[in-house]
Amino acid sequence: MSATQDILSANAQYAASRKAEQLPMPPSKKVAVLTCMDARILPEAALGIKEGQAHVIRNAGGRAPEALRSVIISQQLLGTEEVVVVQHTDCGMLTFTTPQARQLIATNLKLDSGAAKQHLDSLDFLDFPDLEKNVKADVDFLRTNGLVKGTKVRGFVYDVKTGALKEVA
Ligand SMILES: [Zn+2]
């Protein structure tokens with residue numbers, strides 16, 4: 001059975017056991033959490049988020065520059081007023097550089113020219129060598145961005161071993 005099949009059977013059980021109800025679209029806690037796509041972070045469990053309460057914006061690294069569009073939509077169209085940035089220990093983004101990623105991908109996909117190669121060569125993978133510095137930089141990016149409302153942005157490192165958050169920005 002493929003992973004997609006597993007997901008489909010889990011969903012069938014979920015939908016069957018769930019009470020049919022539709023909550024309002026704007027998050028009730030007026031908060032957006034920005035975090036990494038890492039499979040070891042379960043925001044609902046680790047951060048106590050329930051359905052309808054918060055936006056959870058995820059990408060590789062939990063990087064603010066990539067999440068900006070979603071943060072703006074969250075705040076301006078759906079009324080969130082706080083951003084919690086959560087990056088984490090043992091993040092894959094600490095293990096490579098953009099030139100290394102480009103080279104690996106070009107080899108994997110056998111790209112030596114053409115539109116895909118050009119696109120790859122212009123992609124910034126937003127890798128970072130220092131976790132705490134990066135959280136600070138991403139918090140700063142949001143705090144100083146003219147399209148982000150207010151300054152209620154806080155930054156944390158999540159320890160994937162202990163599950164504990166440490167505030168760093
Ligand atoms: Zn990560």
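Straight run, no breaks: the sequence shown in this note's numbering ends on number 169.
Positions of the beta carbon are idealized from the N, C-alpha and C atoms, including for glycine.
Bridge-paired residues (DSSP) for residue i
i    : result
Y158 : H88, L165
A20  : Answer by DSSP bridge pairing: none, since A20 is not bridged.
K45  : The displayed chain sequence assigns Ala, not Lys, to residue 45. Its beta-bridge partners do not exist; DSSP assigns none.
R58  : T35
V148 : DSSP, once it has assigned bridges, lists no residue as partnering V148.
V153 : V83
When the options are compared against residue i, the one with the closest alpha-carbon
i    : options             : result
M25  : A54, V135, A10      : A54
T107 : D121, L94, T95      : D121
L126 : T4, N59, P27        : N59
G52  : T80, I41, G61       : T80
L47  : Y14, I7, K29        : K29
S74  : G92, K50, K110, P27 : P27
Distance between beta carbons of residue j and residue i, contact taken as under 8 Å
i    : j    : result
Q100 : C36  : Between C36 and Q100 the Cβ distance is about 19 Å, and since that is not below 8 Å, they are no contact.
V160 : D112 : That belief does not hold up - the Cβ atoms of V160 and D112 are roughly 37 Å apart, past 8 Å.
A32  : I57  : 6 Å
V157 : L131 : 6 Å
L94  : A67  : Actually they are not in contact, since the Cβ atoms of L94 and A67 sit about 18 Å apart, beyond 8 Å.
G150 : A169 : Between A169 and G150 the Cβ distance is about 16 Å, and since that is not below 8 Å, they are no contact.
G61  : F128 : 7 Å
T98  : D124 : 6 Å
V153 : V83  : 5 Å
Delimiting residues of the beta strand (DSSP E) encompassing residue i
i   : result
T80 : First-last for T80: undefined, no H or E at that position.
Residue span of the alpha helix (DSSP H) that contains residue i, given as start and end
i    : result
R143 : 131–143
L104 : 98–108
L120 : 115–122
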